[in-house]
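**Q**
2 protein chains.
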Amino acid sequence: MKYIDKLRNSGLRPTKQRLQICEVLFNTEKTFHFTINELEQKIKDKIDNKISLATVYNTVHAFEKKGYLKQIPINSNQTYFDTNVTDHHHFYDLKDQKLIDLENSDVGPINIKKKINGKRIKSVEVLVKLED
Amino acid sequence: MKYIDKLRNSGLRPTKQRLQICEVLFNTEKTFHFTINELEQKIKDKIDNKISLATVYNTVHAFEKKGYLKQIPINSNQTYFDTNVTDHHHFYDLKDQKLIDLENSDVGPINIKKKINGKRIKSVEVLVKLED
DNA sequence: CACTTATTTAGAACCATTATAAACTAGGAC
DNA sequence: GTCCTAGTTTATAATGGTTCTAAATAAGTG
Ligand SMILES: [Mn+2]
Ligand SMILES: [Mn+2]
Ligand SMILES: [Zn+2]
Ligand SMILES: [Zn+2]
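Residue numbers (the numbering used here), protein chains in the order written: chain A, 7 to 138; chain B, 7 to 138.
Right, dumping it as C-alpha cells:
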C-alpha cells in the first residue's frame, strides 16, 4: 500500500486506523480543509469499522507533527486543519465558515521588513475574511 | 468622564463595570493584546471592586461588536483580542506565545487578485510566525 | 514463538466559553 | 422624587472541543 512507507519513514507504525485515515485525508484529487468533527464524519462515511475519537485526534496530531497536515489559524471554536501543506493563504467566508485556498500568485510576494532580534520567520500566512 | 459618551453613542449604558473595563483597556499609552484571563488579572490589579467573569466576557464581546476591540486569529486554546483596531498585522512568537504588532509599512501593500462572486473582502490579516 | 514498545480505546477530566435566570440598575416618563 | 421597563450584572450551571488515563490490543524484532 502506498501509505505504509510514508508512515514507516516517519517512524509511525502503519496501523489499520492510520492507513484508513490516510485514505480519507490524502487519497483525493484536491486538498481540503477540515475540523476533527468533519473528519470523523468522513471516516464514518468511507470505512466500515469504527475508529475512536481519541485515535482521530492522536493521528491528526501525529500527522501534523510530521508535516503531513497543518493547522490554520482562525477564530473558531474548532481547530481547522489543511491537507495542503504547501505555503499558501486563505479566504475565510465568515457566513459559511468555509476556507478557500489562495495561491501565492493570487496574493503576490509578501516582504516582511521588520526584524526581531534572535527570531526567524517560520511562516507567513494571510487570512482574507469575506462577507456578503 | 471620557468613556461615558463613547458608550452612550454606541447604545451601551455606561455602567460602573464597563467604565472600569474601559479604563483598563483604553486608558493606556500603547495598545495591547490580551486574553480574557489576562484581562481579568489586569482588572483585579487596577480596581478594588470585583467584576464577574461573565461581565468581562459580555463586555469584551460588546466592545468587539462595536468595533472597539478585535479578535486576532491564532492557534491557541484562548482567544486573543487587540485594543489596536486599525488594520495591521502580527508577529506571533511561538515560544513565548506573544503577539507583536507589525505596521502596514512593515509588510507593504497586499493585493488580493482572486475574487469570489458575491463576496466582499472585509479584512486582510497577515500572521508571521516566529521561531528561535 | 516471546518480548518490548507503540497504538488504540472508552471514558473521564479539563477548561475556555456560553447560557441561565434571578437580582440589580440606568434612564425615561410622570 | 416615584414608577416602570429594558438593559446589565452576577453566580452558577451547562456546553463542547480537546486532552488525559490506564487498560487492552497490535506491531515489530529476534
Ligand atoms: Mn476540531
Ligand atoms: Mn480568552
Ligand atoms: Zn488551504
Ligand atoms: Zn495588534
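Ideal placement from N, C-alpha and C gives every residue a C-beta, glycine not left out.
Given this structure, state the Cα-to-Cα distance separating residue 66 of chain A from residue 105 of chain B, to the nearest angstrom.
**A** On the first sequence, position 60 is the one that residue 66 of chain A refers to. On the second sequence, position 99 is the one that residue 105 of chain B refers to. Linking residue 66 of chain A to residue 105 of chain B through their CA atoms gives a straight-line distance of about 26 Å.
**Q** Would you say residue 134 of chain A faces chain B, with C-beta separation under 8 Å as the test?
**A** Mapped onto the first sequence, residue 134 of chain A falls at position 128. For residue 134 of chain A, the answer is yes, since a Cβ of chain B falls inside 8 Å of its Cβ.
**Q** Are residue 99 of chain B and residue 136 of chain B touching if we call contact CB-CB under 8 Å?
**A** One-based indexing of the second sequence puts residue 99 of chain B at position 93. One-based indexing of the second sequence puts residue 136 of chain B at position 130. Contact flag set, yes.
**Q** What residues are listed by DSSP as bridge partners for residue 77 of chain B?
**A** Position 71 of the second sequence, counted from the first residue, corresponds to residue 77 of chain B. Residue 77 of chain B pairs with B:87.
**Q** Considering only heavy atoms of ligand 4, does any lie closer than 7 Å to the CB of residue 88 of chain B?
**A** Start at 1 with the first residue of the second sequence, and residue 88 of chain B comes out as number 82. True, at least one ligand heavy atom lies under 7 Å from that Cβ.
**Q** Would you please verify whether the beta carbon of residue 66 of chain B is less than 8 Å from any beta carbon of chain A?
**A** Mapped onto the second sequence, residue 66 of chain B falls at position 60. No, no contact with chain A.
**Q** For a quick check, are the C-beta atoms of residue 77 of chain A and residue 83 of chain B less than 8 Å apart?
**A** Counting from one through the first sequence, the residue named residue 77 of chain A turns up at place 71. Counting from one through the second sequence, the residue named residue 83 of chain B turns up at place 77. No.
**Q** For residue 32 of chain A, name the three-state secondary structure that DSSP assigns.
**A** The residue you call residue 32 of chain A lines up with position 26 of the first sequence. Three-state DSSP puts residue 32 of chain A in a helix.
**Q** Could you give the first and the last residue of the continuous beta strand (DSSP E) run that contains residue 95 of chain A?
**A** Taking the first residue of the first sequence as position 1, residue 95 of chain A is located at position 89. It spans 95 to 99 - the beta strand (DSSP E) in which residue 95 of chain A sits, taken as one unbroken run.
**Q** Beta-carbon of residue 73 of chain B versus every beta-carbon of chain A: anything under 8 Å?
**A** What you label residue 73 of chain B is simply residue 67 of the second sequence in a count that begins at 1. No, no contact with chain A.
**Q** Leaving out five residues on either side along the sequence, give the residues of the same chain with a beta carbon under 8 Å from the beta carbon of residue 108 of chain B.
**A** For this step, residue 108 of chain B is matched to residue 102 along the second sequence. Here the set comprises 94, 95, 96, 97, 132 and 134.
**Q** Can you look up residue 106 of chain B in the DSSP assignment and give me helix, strand or coil?
**A** Taking the second sequence and counting its residues from 1, one reaches residue 106 of chain B at position 100. Here residue 106 of chain B sits in strand by DSSP.
**Q** Note down, in chain order, every chain B residue with its Cβ under 9 Å from the Cβ of residue 43 of chain A.
**A** Position 37 of the first sequence, counting from 1, holds the residue named residue 43 of chain A. Near residue 43 of chain A there are no residues of chain B at all, since even the closest Cβ is about 17 Å away, more than 9 Å.
**Q** Which of the three DSSP states, helix, strand or coil, is assigned to residue 56 of chain A?
**A** As a position in the first sequence, residue 56 of chain A is number 50, starting the count at 1. Residue 56 of chain A: coil per DSSP, three-state reduction.
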